[in-house]
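Residues 1 to 738 in full-length UniProt numbering are what the sequence shown lists, from first letter to last.
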Amino acid sequence: MELFQAKDDYILQSGDRALWCSRKDGTMTVRPATDLLLAWNPVCLGLVEGVIGKIQLHTDLPLGLVLIRQKALVGHLPGNHKVYKITKIAVIPLSDEEPQELELELCKKHHFGIDKPEKLAQSPDESKFLMKTLSQIKSNVGGPIKKKVKENKEKERLERRLLDELYKIFMDSDSFYYSMTYDLTNSVQRQGDSDKSSLPLWKQVDDRFFWNKHMIQDLIDLQVPDVDFWVIPIIQGFVQVEELVVNYNETSDEERSSPETPPQEVVCVDDIHPRFTVALISRRSRHRAGMRYKRRGVDTDGHVANYVETEQLIHVHSHTLSFVQTRGSVPVFWSQAGYRYNPRPRIEKGEKETMSYFAAHFEEQLKLYTKQVIINLVDQGGREKMIGDAYLKQVLLYNNPNLTYVSFDFHEHCRGMKFENVQILTDAISDIITDMKWAWVDQAGVICKQEGIFRVNCMDCLDRTNVVQAAVARVVMEQQLKKLGVMPPEQPLPLKCYRIYQIMWANNGDTISRQYAGTAALKGDFTRTGERKLAGVMKDGVNSANRYYLNRFRDAYRQAVIDLMMGLPVTEDLYSIFSKEKEHEEKEKESQRGAQEQVSLLLQTYMQLLLPEDEKFHGGWALINCDMSLIDANNKDVDVLLLLSDKAYYIAYYDEEADKVNQYQRLNLEGLEKIEIGPEPTLFGRPKYCCMRLHYRNEDTSGYFHTLRAATRNPEDDGKGKGLNRKTTVQSSLGCSR
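Okay, structure coming up:
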């Protein structure tokens, strides 16, 4: 559709339809295309794909018209419905100001033979010159005007920051999807149960997942049939569609590329190997939406943070089978203060005060899905235990026969990167999976319905949750394909099909994680390949650090933009946050210096406690144990203190929660066999750390070692994995030739 700029309006035109949006007050009207002749000097700015809605980033700022500038075809859903991903947006201020360069695709009708449309605004150089001149003029005027100029500059900087976040939300995380003919907000089963199929698409939607509802509300409120064309329901989440071939004779990519593999006869797979389409659709709820440390637990309406419904579709010929799972934060009142790297959770309200809101959440869930099977993956020990205990207590108090509670300590069962042990869970609940069934429709109508749903959660409902949901969905998919005769009864899914399936679920996990935590999912290498490797562990370390950085410095702005998209008041003073950002950076540096002093004091304390009087202290370090199995099993770094005397070295294991050393080893220097120093192995750019491995004999037996690394944190890093960590290294002079 074409976008025109007139004196008082922006006009979108498609065929014989036109949508007018006032530059004065943002009011929207639907008019015939011929009314363009009545506009004052309309100029075509280029082509856009559709309207998302309007947003006002601050009460002091003008409304902005948000348009789909570019889309990408994701695939075709059953019924040949096209699904698109929004890849670029344009935001046009609804004011008298001229828009900046929008970089729209040119309209051949109005820009034939022209490389770029005529620029209605000054060039950047001209704008800078005019602003500089205006600033010089105002600098010669009295104090009140200077103050006004300063306020305007602050307003402009804040607007740029919020606008930048809005662009990133839409363009940097593959988050928003739509279809002009298919209802992405509703599962196959809900579509089959609905009596709204004759209504316009936007009137059929599930309100929970209609993400741009508030932004487009002014258009909906016109309540005229002509608006149906312009209202595009958009979901935030993930969509991927793949066509797979069930071929057990197909060689792997490695074998195919081998020079020893003889050429094979080319056979049309359509004739001998069945095909099927698999689609993955995740839809995030717009209720209690936001970033992970800004939105946790349940609210007073019974909505939970990071609530996502994920539907796996299988389509074979005229048969469509659907299996739905949900994820969502533990529905009690809890929080985590995001200013620490690994913050301790807090329970905000007591059991009795929580009960009614817990009940409100599950009453809605049971109304929607009839039965709920909770799979709780939080640790049954450590700092997560209080959240798991609060959850179980509320389930017992609620005491509903349609609610089943399953607890699976993911880190305990999958200790040492053995994520394949998730099969312990799927085997244990295999009867529940079978009894739950799935939705099944064909051209004649509904054959079968899914009876209940799995509601999976961990702390963030991201990494562990995605691994488990993928495992459950795989069991269901194999059952479905065998039922349809696509797979033999005793055969597993062909390896190539399984690899593509794994990649889809890994992409799903990465996308949801970027939306909630700002980075790709942890443990994604297992979901993607079925194996947990050193490179994946190290990549997770980078993403964990990035999550801390993003929460610390960006989440306040992103949360504000999301709230504004939802029509919610912004609770934080954005001007204050923006103006104090540098102050926060200075405090961060100061806190690092304070941490150095604390670690130094800690080393001195344990030097006095552990070293005998006849040993001379030479140095001490706060380090991280690099044993990969320990790091992954506990999902956190293992802190150690390395103390060196003239006779021995000590490895003291520091328990951060108890704030004390709970065990230590003393090793004579005579037993030290060799020391290796070198960069850590990595597949992701330059190594972040230098590691040290101390080989020693234990009771005259060789082969033992400690692998340690520094836990330095560079305050000048940009947070993209370049050494950002929560500890500080304090070093003393060794003064020892050994």
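Where is the CB? At the ideal position from N, CA and C, for every residue including glycine.
Within a Cβ cutoff of 6 Å, which residues of the same chain sit near residue i, ignoring the five residues on either side of it in sequence?
| i | result |
| --- | --- |
| F4 | I11, P42 and C44 |
| A72 | K85 and T87 |
| P345 | W334, Q336 and I387 |
| G50 | I68 and I232 |
| N212 | I52, G53 and I234 |
| N402 | L366 and K371 |
| D299 | R288 |
| T181 | H81 |
| V406 | I375 |
| N634 | Because N634 carries a pLDDT of 40, less than 50, the predicted location of this residue cannot be relied on, and the following value inherits that uncertainty. Once the five neighbours on either side are set aside, N634 has no close Cβ partner at all. |
| G290 | Q559 and I562 |
Can you find the residues in the same chain that come closer than 7 Å, C-beta to C-beta, to residue i, ignoring five residues on each side of it along the sequence?
| i | result |
| --- | --- |
| A6 | A39, W40, N41 and P42 |
| H76 | K82 and V241 |
| V468 | I375, L377, V422, L425 and V456 |
| D16 | P32 and A33 |
| S95 | R23 and P62 |
| E243 | R275 and T277 |
| C626 | C691, T707, L708 and R709 |
| K393 | E351 |
| Y654 | D639, V640, L641 and V661 |
Kindly indicate which residue of the options has the alpha-carbon position closest to the one of residue i.
| i | options | result |
| --- | --- | --- |
| E165 | P492, I55 and K616 | I55 |
| K367 | I453, H411 and E420 | I453 |
| V330 | T277, F276, K371 and M386 | M386 |
| C461 | L708, T701, G703 and T310 | T310 |
| residue 785 | A428, R415, F362 and G381 | Lying outside 1 to 738, the shown extent of the chain, residue 785 is not represented and no answer is given. |
| K352 | T320, L396 and S14 | L396 |
| I314 | R292, R295, A279 and T326 | A279 |
| T59 | L162, Q70, Q100 and D35 | L162 |
| Q491 | R499, L481 and I500 | L481 |
| L672 | G237, I216, Y650 and Q502 | Y650 |
| Y664 | E478, P200, T185 and M607 | M607 |
| G297 | Q100, Q325, H317 and K349 | K349 |
| W621 | D218, L642, T605 and D226 | L642 |
| V332 | D301, R190 and Q325 | D301 |
| K108 | V74, G46, Q70 and G79 | G46 |
| V486 | N306, I675, H317 and P225 | H317 |
| M1 | F229, Y689 and D25 | F229 |
Residue i lies in the alpha helix (DSSP H); which residues open and close that run?
| i | result |
| --- | --- |
| M28 | Looking at the DSSP string, M28 is not in any alpha helix (DSSP H); the run it does join, the beta strand (DSSP E), is M28 to P32. |
| A561 | Looking at the sequence shown, residue 561 is not Ala but Val. D555 to M566 is the extent of the alpha helix (DSSP H) around V561. |
| I281 | Run containing I281: none in the alpha helix (DSSP H); it sits in the beta strand (DSSP E), R275 to R284. |
| T300 | Here T300 belongs to no alpha helix (DSSP H), and DSSP marks it neither H nor E. |
| G388 | K385 to Y398 |
| R292 | Run containing R292: none; DSSP gives neither H nor E here. |
| S430 | S430 to M436 |
| I235 | Looking at the DSSP string, I235 is not in any alpha helix (DSSP H); the run it does join, the beta strand (DSSP E), is I235 to V245. |
| I500 | L495 to A517 |
| residue 817 | Because the chain in this structure spans residues 1 to 738, residue 817 falls outside the shown range and cannot be described. |
Roughly how far, in whole angstroms, is the beta-carbon of residue i from the beta-carbon of residue j, given that I think they are within contact range, below 8 Å?
| i | j | result |
| --- | --- | --- |
| G192 | V441 | 6 Å |
| E412 | Q380 | 7 Å |
| I89 | F170 | 5 Å |
| L623 | A648 | The pair is not a contact, with the Cβ atoms about 17 Å apart (cut-off 8 Å). |
Quick one: give me the first and last residue of the beta strand (DSSP E) that residue i is part of.
| i | result |
| --- | --- |
| S335 | W334 to Q336 |
| G620 | F617 to N625 |
| W20 | R17 to S22 |
| W440 | A439 to D442 |
| H413 | Careful: H413 lies outside any beta strand (DSSP E), inside the alpha helix (DSSP H) at F410 to H413. |
| Q491 | Per DSSP, Q491 belongs to no beta strand (DSSP E) and is neither H nor E. |
| N457 | I453 to N457 |
| G328 | Element bounds for G328: n/a, residue is neither H nor E. |
| I447 | G445 to C448 |
| S678 | Inspection of the sequence shows that residue 678 is occupied by Gly rather than by Ser. That run of the beta strand (DSSP E) goes L672 to P679. |
Go through its chain and collect everything with a Cβ distance to residue i's Cβ below 8 Å, but skip five positions before and after it.
| i | result |
| --- | --- |
| K437 | C448, K449, Q450 and E451 |
| S645 | L611, E615, K616, F617 and H618 |
| S198 | none |
| I137 | Note on I137: pLDDT 39, under 50, position unreliable in the model; no value is reported. |
| L184 | V83, Y177, Y178, F209, P233, I235, V239, I281 and R283 |
| S123 | Low per-residue confidence applies at S123: pLDDT is 41, beneath 50, and the placement is therefore not dependable, though the value from the model is reported in the following sentence. For S123, where only same-chain residues beyond five positions count, there are no Cβ hits under 8 Å. |
| S194 | N186 and Q204 |
| V476 | Q312, F323, I433 and W438 |
For chain C, is any of its Cβ atoms less than 7 Å away from the one on residue i?
| i | result |
| --- | --- |
| V188 | Of the protein chains in the structure, only one exists, and it is not chain C. |
Exercise. In chain order, which alpha helix (DSSP H) runs of at least 4 residues are fully inside the region 344–376?
Worked result: 351–369
Problem set entry | Secondary structure, beta strand (DSSP E): runs of 3+ residues fully inside the region 62–108 | 64–77 and 81–93
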